[in-house]
Every structure is written in C-alpha cells, then in structure tokens.
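For reference, the structure is listed below as structure tokens.
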Amino acid sequence: MLNILKVAFESYLDLGISYATLNNAVATNNAGLAVGCLLFMPFVHKYGRRPLYILSSLIQLMAAIWSACLNTGGELIAANLVSGVGGAISEAIVMITIVDLFFLHQHARLNGLFLLMQSVGSFGGPVAAGFIVDSQGWRWMWWWTTIFLGLNFVLVCCFFEETKYVPISAVQTPRRPASVVHEDGLPKMSSHEHLEEMSIRSTSDPATPPRNPLSKRLAIVTKSDVSIRQHFYLPVRVLFTFPAVAYAAVTYGLLLAWFAVISSAASYFMLDPPYSFASSSVGLFMISALIGTIIGTIFGAPLSDWSILWLSRRNGGVFEPEMRLWVALVGSLLCTGGILMFGLGLAKSLPWIVLAVGYAIFGVGFSMAGDIALTYLTDCYPDILSDALVGVILVRNGISVLIMFVFTPWVNNLGIQNTFICIALISLIMTLLPIILLVMGKAARARTAADYRKFAVRQAVYRTL
Numbered sequence: 000m001l002n003i004l005k006v007a008f009e010s011y012l013d014l015g016i017s018y019a020t021l022n023n024a025v026a027t028n029n030a031g032l033a034v035g036c037l038l039f040m041p042f043v044h045k046y047g048r049r050p051l052y053i054l055s056s057l058i059q060l061m062a063a064i065w066s067a068c069l070n071t072g073g074e075l076i077a078a079n080l081v082s083g084v085g086g087a088i089s090e091a092i093v094m095i096t097i098v099d100l101f102f103l104h105q106h107a108r109l110n111g112l113f114l115l116m117q118s119v120g121s122f123g124g125p126v127a128a129g130f131i132v133d134s135q136g137w138r139w140m141w142w143w144t145t146i147f148l149g150l151n152f153v154l155v156c157c158f159f160e161e162t163k164y165v166p167i168s169a170v171q172t173p174r175r176p177a178s179v180v181h182e183d184g185l186p187k188m189s190s191h192e193h194l195e196e197m198s199i200r201s202t203s204d205p206a207t208p209p210r211n212p213l214s215k216r217l218a219i220v221t222k223s224d225v226s227i228r229q230h231f232y233l234p235v236r237v238l239f240t241f242p243a244v245a246y247a248a249v250t251y252g253l254l255l256a257w258f259a260v261i262s263s264a265a266s267y268f269m270l271d272p273p274y275s276f277a278s279s280s281v282g283l284f285m286i287s288a289l290i291g292t293i294i295g296t297i298f299g300a301p302l303s304d305w306s307i308l309w310l311s312r313r314n315g316g317v318f319e320p321e322m323r324l325w326v327a328l329v330g331s332l333l334c335t336g337g338i339l340m341f342g343l344g345l346a347k348s349l350p351w352i353v354l355a356v357g358y359a360i361f362g363v364g365f366s367m368a369g370d371i372a373l374t375y376l377t378d379c380y381p382d383i384l385s386d387a388l389v390g391v392i393l394v395r396n397g398i399s400v401l402i403m404f405v406f407t408p409w410v411n412n413l414g415i416q417n418t419f420i421c422i423a424l425i426s427l428i429m430t431l432l433p434i435i436l437l438v439m440g441k442a443a444r445a446r447t448a449a450d451y452r453k454f455a456v457r458q459a460v461y462r463t464l
C-alpha cells in the first residue's frame with residue numbers, strides 16, 4: 000500500500016496535494032509502522048499470533064477503503080498513519096511465525112524468501128497500480144487494493160491457524176521401554192530387534208502430543224498465562240545492549256530509506272521532460288529493482304552459504320556468525336553504486352535505461368545486505384529474536400520517517416545531484432558497520448553472553464533447541 004501511493008502522484012495534483020505532502024504521508028506511514036510494532040507486538044505472546052494477523056488484515060482493509068474515498072492532503076496523511084499501524088503488526092509477526100514453524104538451520108532460507116516476497120509486492124505492486132491509474136483512475140487503484148485485502152481478510156480468518164507453540168524434533172531419543180527386559184533381568188530380544196522397537200517407538204511415542212482440533216487451531220484467541228509487561232520495553236533494551244541487533248536495525252533502516260527515496264524521486268521527477276513518464280511507465284520502471292532483488296536473492300544466499308563453509312574449514316571447522324558479513328560488504332558497495340548511478344543519471348537527464356540499471360544494482364545490494372543483516376541477527380541471538388525484531392523494525396521505520404521528512408527540503412536546498420551524492424556517502428559509511436563487527440563482533444558477543452542468557456529466560460517462550 001505504501002509503494003503504490005507514489006504511482007498516483009500526478010493524479011493527486013488534482014486534489015491540491017503537493018510533493019511535500021506526499022513525502023509527509025510516506026513518512027507518516029513509516030511512523031505508524033514503527034509505533035504500531037512497539038505497541039501491538041507484545042500481545043502476540045499473551046493472545047497468540049492469529050488475532051494479531053486478523054486485526055492487521057482488518058486495519059489495512061479499512062485504510063484502503065479510506066484511501067479510495069479521501070479528498071484532502073490531511074486525509075492522505077491520516078489514512079497512511081492507519082495503514083502503517085496495520086502493516087506493522089503483520090510485518091513483525093511474519094518473522095516470528097518463521098521462528099514458530101521452522102528450526103534454526105532453516106531461518107536463513109526463510110528470511111531470504113520473506114524478503115523476496117516483500118520485494119515482489121513492493122516493486123511489482125506499482126506496476127499493476129500504474130496501469131490501473133491510467134485506465135480506471137487513481138481511486139480504482141485503491142478499490143482493487145480493497146478487493147484483494149478483503150479476500151485476504153477472509154482467507155486469514157478461515158484458514159490461518161495459530162502457530163504459538165514450541166516445535167519438537169521428529170528425531171527424539173527414545174525412552175527405554177519397561178518391556179525390554181524380563182523380570183529376571185535377562186534381555187528379552189536381540190540387539191537388532193531392540194533397535195527396531197526403539198525406532199518404532201521414537202516415531203509413535205504416545206508422549207508426543209496429538210494435533211489440536213480445528214476449532215482450537217482456528218480459535219480467535221489462544222490466551223496464555225505469561226506476563227507480557229517486559230515486552231513493552233525489552234525491545235529497546237535489547238537494541239542498545241547487543242551490537243548485532245543495532246547493526247541489523249541501522250542497516251535495514253537505511254536500505255529501506257534509500258529505497259523510499261529512489262522510488263519517490265522516480266515517481267515525481269520522471270513525470271517531467273525528458274522522460275515524461277505516465278503512471279504506468281513509472282510502475283514499469285520499478286521492475287528494474289525487482290529484477291535486481293531477484294538476482295540478489297538467487298546469488299546472494301548461496302554465496303553466503305558457500306563463504307561460511309569455506310571460512311569454517313579454514314577456522315578448524317568452527318562456524319562464527321561474523322563469517323557472513325563478508326558478503327554484506329559486497330551488498331553495501333552495490334547499494335552505493337546503484338544510488339550514485341540513479342541519482343547522477345537523474346540529475347544529468349541521462350537515458351532512463353541508465354537510471355533503471357542503477358536501480359537494479361541497488362536492488363541486488365538491497366537483497367544481499369538486508370538478508371545478511373537479518374540472518375546474522377538470527378545466528379547470534381535466536382532465543383530473543385522476537386524482541387530483537389521489534390527493536391529492528393522500530394529503528395528501521397524511524398530512520399525512514401526522518402529521511403522522508405527531510406528529503407524534500409534536502410532536494411530544494413542542495414539539488415538532485417548533491418542530495419544523491421550525500422545519500423551515497425552515507426550508504427558508503429554503512430559499509431563500515433560490517434567491518435567493525437568483523438573485528439570486534441566475536442568479542443562483543445562474548446561480553447554480552449550473560450545479558451543474552453538473562454534476556455532469553457524472560458521470553459514468553461524459551462527454547463533451547
């Protein structure tokens with residue numbers, strides 16, 4: 000919803016909505032994402048994941064209806080605030096749901112898949128929205144969004160099951176059955192037969208809990224007796240206690256801020272000559288970033304996996320989370336190069352294909368650097384991931400709010416070229432963060448190990464798998 004907003008900017012001019020108001024609406028949406036996450040996420044530990052998914056779907060549906068009916072810039076800002084609050088709830092729960100359903104060694108792949116699908120929506124949505132605006136008008140862009148969000152609300156209510164549980168491994172150490180020995184203490188069967196019985200028991204152990212009935216899996220609320228008071232402040236404490244959390248938050252925040260800046264600039268400046276893009280053309284331009292993100296996902300994750308295997312062998316077979324950060328350096332440099340190519344190309348009125356290539360290069364770096372940041376966080380602190388993610392999302396959206404509020408005066412005072420040079424320099428400085436952790440990350444983890452254990456046992460669900 001946030002990204003298709005920019006495609007209709009030319010149509011919003013008829014309502015007297017300025018470019019500054021549009022950027023303020025984007026910033027307000029990010030503020031809603033930040034605040035909503037902090038306020039609502041603790042309740043997933045008390046009442047389950049399902050009610051928050053339902054609430055999120057309902058809020059976003061209401062925001063889409065409001066967006067289709069608005070007539071003023073004030074309504075645009077307010078509707079985006081509501082949309083941000085609704086989006087914040089679902090965004091954070093997705094990553095917690097990954098932790099619910101999958102084991103630690105599967106998190107990296109699922110994080111990458113989540114980022115890819117998020118990028119497909121972010122970059123692909125404006126393509127469809129652009130054609131709708133040109134053929135049916137900007138209000139129908141939101142009415143189609145309402146239709147799909149209404150369908151999503153029905154699907155979530157009817158089919159999304161509660162996932163708040165601690166998974167157990169399918170391979171368990173079987174308990175010694177009492178029937179294995181006679182009363183005289185002699186073996187009842189041969190070793191081979193004994194192993195066969197143990198194998199059967201390990202997969203059909205009556206101690207394994209049966210699957211919950213459908214009525215329980217689809218219950219609106221799955222209430223627990225745990226206290227959630229600490230989850231309102233632990234995300235902030237975690238953020239300032241563990242360097243890996245701060246790194247993921249700052250990296251992810253800057254990446255999304257630069258994405259918002261590029262898409263906002265393209266949606267506004269490419270409407271004018273020499274480009275004279277229509278809304279559909281602006282949407283199609285976003286495909287370049289989608290292509291880059293797909294390339295980054297396809298090659299970035301295998302490169303990360305290969306690199307940690309190679310580095311682990313050189314380290315005597317011992318894996319350390321910091322080994323992933325070498326690939327993050329590549330991603331950060333690609334982001335900087337893509338920002339410069341797009342910004343300088345726009346300032347010099349170079350052919351649109353140059354800008355598209357720059358946006359695609361940024362997409363490759365965005366995917367690689369973002370995936371590594373989240374996976375590094377997961378590798379370092381899996382047992383406090385819920386609070387850590389809330390802290391990450393809080394800072395990430397806070398950075399986006401700041402950047403989008405200052406972007407318009409930034410361009411007005413410095414011009415397009417100097418603004419994007421400044422952004423590229425900040426992006427280049429971001430490259431130093433992995434270097435610092437490569438040097439000091441292991442020592443920082445050792446120094447905060449006691450704090451990690453203390454925070455871990457305070458989680459609503461604590462597992463040692």
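Residue numbers (numbering that gives the first Met the number 0): 0 to 464.
All residues carry an ideal CB built from backbone N, CA and C; glycine is no exception.
This structure is a prediction, so every number in the text was calculated from the model and none was measured.
Are residue i and residue j touching if we call contact CB-CB under 7 Å?
i	j	result
A372	Y251	yes
A247	V391	yes
L289	F122	yes
L60	G149	yes
R49	I92	no
T292	A423	no
D99	T27	no
A243	C379	yes
C36	V389	yes
L539	G299	No answer is possible for residue 539: the residues shown for the chain start at 0 and end at 464.
N405	G282	A small fix is needed here, since residue 405 is Val in this sequence, not Asn. Not a contact, by the Cβ cut-off of 7 Å.
F341	G362	no
T77	S66	What sits at residue 77 in the sequence shown is Ala, not Thr. No, Cβ-Cβ distance for A77 and S66 is not below 7 Å.
S278	D133	yes
A63	T145	yes
M140	A7	yes
L308	M322	no
S82	S55	no
D382	A455	yes
L393	A87	no
S366	T296	yes
L339	F268	no
D450	T240	yes
I58	C156	no
I97	L114	no
P320	Y274	no
Starting from residue i, follow the alpha helix (DSSP H) in both directions and report where the run begins and ends.
i	result
Q416	L384 to M429
R138	W137 to F158
P234	L233 to T240
R49	R49 to C68
T447	Run containing T447: none; DSSP gives neither H nor E here.
R312	I286 to R313
A359	W351 to C379
F341	L324 to A346
S89	G72 to L100
E9	F8 to Y11
N22	Y18 to F39
Y46	F42 to Y46
For residue i, is the classification buried or exposed, using 16 other Cβ atoms within 10 angstroms of its Cβ as the cut-off for buried?
i	result
R228	exposed
D13	exposed
T447	buried
I428	exposed
K453	exposed
V225	exposed
T172	Note that T172 scores a pLDDT of 43, beneath 50, so its modelled location is shaky and nothing firm can be said.
W137	buried
S168	Because the pLDDT of S168 is 45, which lies under 50, any placement of that residue in the model is unreliable, and the number read from its coordinates should be weighed accordingly. By the neighbour-count rule (16 or more Cβ atoms within 10 Å), S168 is not buried but exposed.
E160	exposed
M439	exposed
Y232	exposed
V84	buried
L38	exposed
A442	exposed
Is there a C-beta anywhere in chain C that falls below 7 Å from the one on residue i?
i	result
D271	The chain inventory of the structure shown lacks chain C, comprising one protein chain alone.
Can we say the region 71-83 touches the region 39-50, given the rule of at least three CB pairs closer than 8 Å?
With the cut-off at 8 Å, the region 71-83 and the region 39-50 do not touch.
Answer yes if the region 426-444 comes into contact with the region 319-335, meaning at least three C-beta pairs across the two stretches below 8 Å, and no otherwise.
yes
Does the structure place the region 15-25 close enough to the region 398-417 that three or more beta carbon pairs sit under 8 Å?
yes
Does the region 294-314 come close enough to the region 151-162 to have 3 or more Cβ pairs within less than 8 Å?
no
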